[in-house]
Amino acid sequence: MGQALAISFRASDAPVAQEALHDLIARYGQVKPADADVIVALGGDGFMLETLKDVQPLGKPVYGMNRGTVGFLMNEYQDNDLPARLAEAEEAVINPLRMKAGGADGSVTEGLAINEVSLLREGPQAARLAVSVDGRARLDELVCDGAIVATPAGSTAYNYSAHGPILPIGSEVLALTAVAPFRPRRWRGALLPKSARVRFDVLHPEKRPVMADADGRPVRNVHWVEVQSEPAVSHRILFDPGHGLEERLIREQFV
Numbered sequence: 698m699g700q701a702l703a704i705s706f707r708a709s710d711a712p713v714a715q716e717a718l719h720d721l722i723a724r725y726g727q728v729k730p731a732d733a734d735v736i737v738a739l740g741g742d743g744f745m746l747e748t749l750k751d752v753q754p755l756g757k758p759v760y761g762m763n764r765g766t767v768g769f770l771m772n773e774y775q776d777n778d779l780p781a782r783l784a785e786a787e788e789a790v791i792n793p794l795r796m797k798a799g800g801a802d803g804s805v806t807e808g809l810a811i812n813e814v815s816l817l818r819e820g821p822q823a824a825r826l827a828v829s830v831d832g833r834a835r836l837d838e839l840v841c842d843g844a845i846v847a848t849p850a851g852s853t854a855y856n857y858s859a860h861g862p863i864l865p866i867g868s869e870v871l872a873l874t875a876v877a878p879f880r881p882r883r884w885r886g887a888l889l890p891k892s893a894r895v896r897f898d899v900l901h902p903e904k905r906p907v908m909a910d911a912d913g914r915p916v917r918n919v920h921w922v923e924v925q926s927e928p929a930v931s932h933r934i935l936f937d938p939g940h941g942l943e944e945r946l947i948r949e950q951f952v
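Numbered continuously in the numbering used here, the sequence shown closes out at residue 952.
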């Protein structure tokens, strides 16, 4: 990448992100995403996830600058020397999870999740889930507030807040984590091969309704959910040198 880099900027609706958008376009110009060498996303992690999904068919790398809150997937915002930063950026390639969720009416809803797929109780009573991996029953009944299947990129998000493990980017594993488990009393989750197919069957769904969520896109009143990595879909993320996902994942474990 050189100084003549073609950049396509996009920003969240937050005023600070919109202000940055106008400033950067005035300084560096603007091209359509299809004509860009790189997409620059201005916002927080939620907007970054949205951008990655939107531009994935184009195969373009995405460089985020934080104009949101946490910004785990974002770089520090600076308006100077952006072409040089982009030229030196390190790339991480991640695969999302594919979720299939079966409803009470027999419908099947699919979705992709870069961070995690989660199941959560919808009512006042705990969820009761049967868990199988690659067609083999592993838990006949998990009584909990919910369960999460997380990618390494998403392991520091909801998964970590539910006491799940932080996964190195190159680990080729997924985290299966329970949310507030009641039974089995001491079960806190499992590490699974990246190729694993995880299925949750909701027990007593009429009495104990459960919703499924793929990166903030909910499906209500599900009866079963299947989750597995989708190797056919890749997302390219750019980070400043020394501040890539691998370093961020390690750093999160020492704070």
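C-beta: ideal position from N, C-alpha, C; glycine also. Everything numeric in this text was worked out from a predicted model, so none of it was measured.
Under DSSP, D910 takes part in a beta bridge, and its partners are S815, P915. M771: not part of any beta strand (DSSP E); DSSP gives it neither H nor E. Nearest Cα to G867 within the set V814, N792, H920: N792. The beta carbon of V790 sits closer than 6 Å to the beta carbons of S931, R933 from its chain, once the five residues preceding and following it are set aside; these are given in chain order. Boundaries of the beta strand (DSSP E) around E838: 833–841. In terms of Cα proximity to S892, the closest of E949, A810, V924 is V924. In the structure shown, S858 adopts helical secondary structure according to DSSP, grouped into three states. Taking 9 Å as the cut-off, the Cβ atoms of L794 and E813 count as close.
The Cβ atoms of F897 and L816 sit closer than 9 Å to each other.
In the DSSP secondary-structure assignment, H932 is bridged to I791.
In the DSSP assignment, P881 falls outside any alpha helix (DSSP H), carrying neither H nor E. Here Q727 carries a coil assignment [DSSP, helix/strand/coil].
DSSP places E807 in the uninterrupted beta strand (DSSP E) bounded by 805–810.
In terms of Cα proximity to E788, the closest of E949, H940, R835 is H940.
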